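Chains as they are written, first to last, in the working numbering: chain A, 536 to 775; chain B, 158 to 248. Note that the Cβ used here is the ideal one computed from N, Cα and C, for glycine as well. Note that this is a predicted model, so its numbers are computed, not measured.
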């Protein structure tokens with residue numbers, strides 16, 4: 536009886552998946568434009584972003600400007616996840632002393648490689664989130680790349696410690712600056728996270744108004760939060 | 158034409174890695190399977206002209222998620238049957 540029920544459910548899911556996907560024409564231009572009979576939001580973004588927001592990367596303009604409030608929500612979700620993990624797993628100073636992050640010391644090959652690669656990875660991550668408005672990528676991507684670099688150091692050196700005080704400060708300042716920039720937009724443009732696109736000229740590093748500043752704040756916040764999660768997770772004592 | 162062949166080969170590897178990671182009883186190998194799935198998915202995103210998503214998938218899917226799973230395996234058990242047995246004992 537149970538198996539019949541499962542098969543019926545699977546068949547229903549399959550039917551609706553096929554029914555939805557079947558009618559989508561594959562390989563056709565579905566973005567549309569604002570000039571056609573059925574103007575689309577995607578077409579509006581594609582034809583107006585470069586002119587109005589002065590950002591070369593349209594995706595960044597959508598994520599930070601048009602859907603800026605959603606991005607603030609995403610950052611909040613990540614912050615809450617970090618807080619949850621920290622509140623469950625964080626160890627106080629006294630307990631911390633007998634915690635071994637690595638049960639075995641890593642080999643010299645890994646340690647030397649990590650020392651050479653860490654600055655390059657961090658630089659790539661910082662490049663990605665500073666150039667978020669010009670090239671693909673942005674705060675989230677750059678932040679995770681920086682966190683990957685820190686991960687490499689955390690798993691190869693026993694003595695490499697992250698300072699939780701500094702990390703908390705960076706996180707708070709980045710989160711606050713996001714909201715303060717939003718309030719600034721509220722004052723100058725009458726909308727929360729409104730942009731001031733007149734600053735700078737298109738395709739240069741200094742363009743897009745407030746978008747790069749917000750993305751740099753997001754990049755720092757994501758990098759610090761993910762590094763914190765990894766640091767806390769690596770300090771759990773294996774219960775064997 | 159050649160891009161179609163590349164796509165089909167990549168899709169086959171992706172499906173094989175996904176099935177491998179579901180079926181394998183040793184969890185460390187299963188996590189490596191999900192890492193391969195993420196790697197090929199990231200290549201797919203890049204080839205389908207979504208470099209932003211490809212970057213995210215590369216950093217989160219390949220590096221961070223895999224490492225978090227490996228840390229979890231280190232703190233629990235590598236063998237899937239053993240974990241299931243322990244859970245059954247508790248019940």
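query	result
To test your reading of the DSSP string, which unbroken alpha helix (DSSP H) runs of 4 or more residues are found completely within the stretch 552-633 of chain A?	576-587, 603-624, 628-631
According to the neighbour-count rule (16 or more other Cβ atoms, all chains shown, within 10 Å of its Cβ), is residue 713 (chain A) buried or exposed?	buried
To test your reading of the DSSP string, which unbroken alpha helix (DSSP H) runs of 4 or more residues are found completely within the stretch 183-219 of chain B?	184-204, 208-213
Throw me the rounded Cβ distance for the residue 680 (chain A) and residue 207 (chain B) pair, which I believe falls under 8 Å.	With a Cβ gap of about 17 Å, residue 680 (chain A) and residue 207 (chain B) do not count as contacting.
Using a Cβ distance threshold of 8 Å, determine whether the stretch 682-696 of chain A contacts the stretch 754-767 of chain A, with at least three qualifying pairs required.	yes
Say whether chain B places a C-beta atom closer than 7 Å to the C-beta of residue 520 (chain A).	Lying outside 536 to 775, the shown extent of chain A, residue 520 (chain A) is not represented and no answer is given.
With a cut-off of 8 Å, do at least 3 Cβ pairs link the stretch 166-178 of chain B to the stretch 685-695 of chain A?	no
Tell me which residue opens and which closes the alpha helix (DSSP H) that residue 700 (chain A) is part of.	699-724
On the premise that residue 614 (chain A) lies in contact with residue 710 (chain A), defined as a C-beta separation below 8 Å, what is that separation, rounded to the nearest angstrom?	7 Å
Between which two residues does the alpha helix (DSSP H) harbouring residue 169 (chain B) extend?	159-180
Going along chain A in order, which residues have a C-beta closer than 9 Å to the C-beta of residue 213 (chain B)?	672, 675, 676, 679
How big is the Cα-Cα spacing for residue 661 (chain A) and residue 675 (chain A)?	11 Å
Could you list which residues in chain A have their beta carbon closer than 9 Å to that of residue 221 (chain B), in chain order?	679, 682, 683, 686, 761, 764, 765
Give me the chain B residues within the contact set of residue 777 (chain A), using Cβ-Cβ distance strictly less than 7 Å, ordered along the chain.	Since the displayed chain A opens at 536 and closes at 775, residue 777 (chain A) lies outside it and no answer follows.
Measure from the C-beta of residue 165 (chain B) to each C-beta in chain A and report whether the shortest distance is under 7 Å.	no
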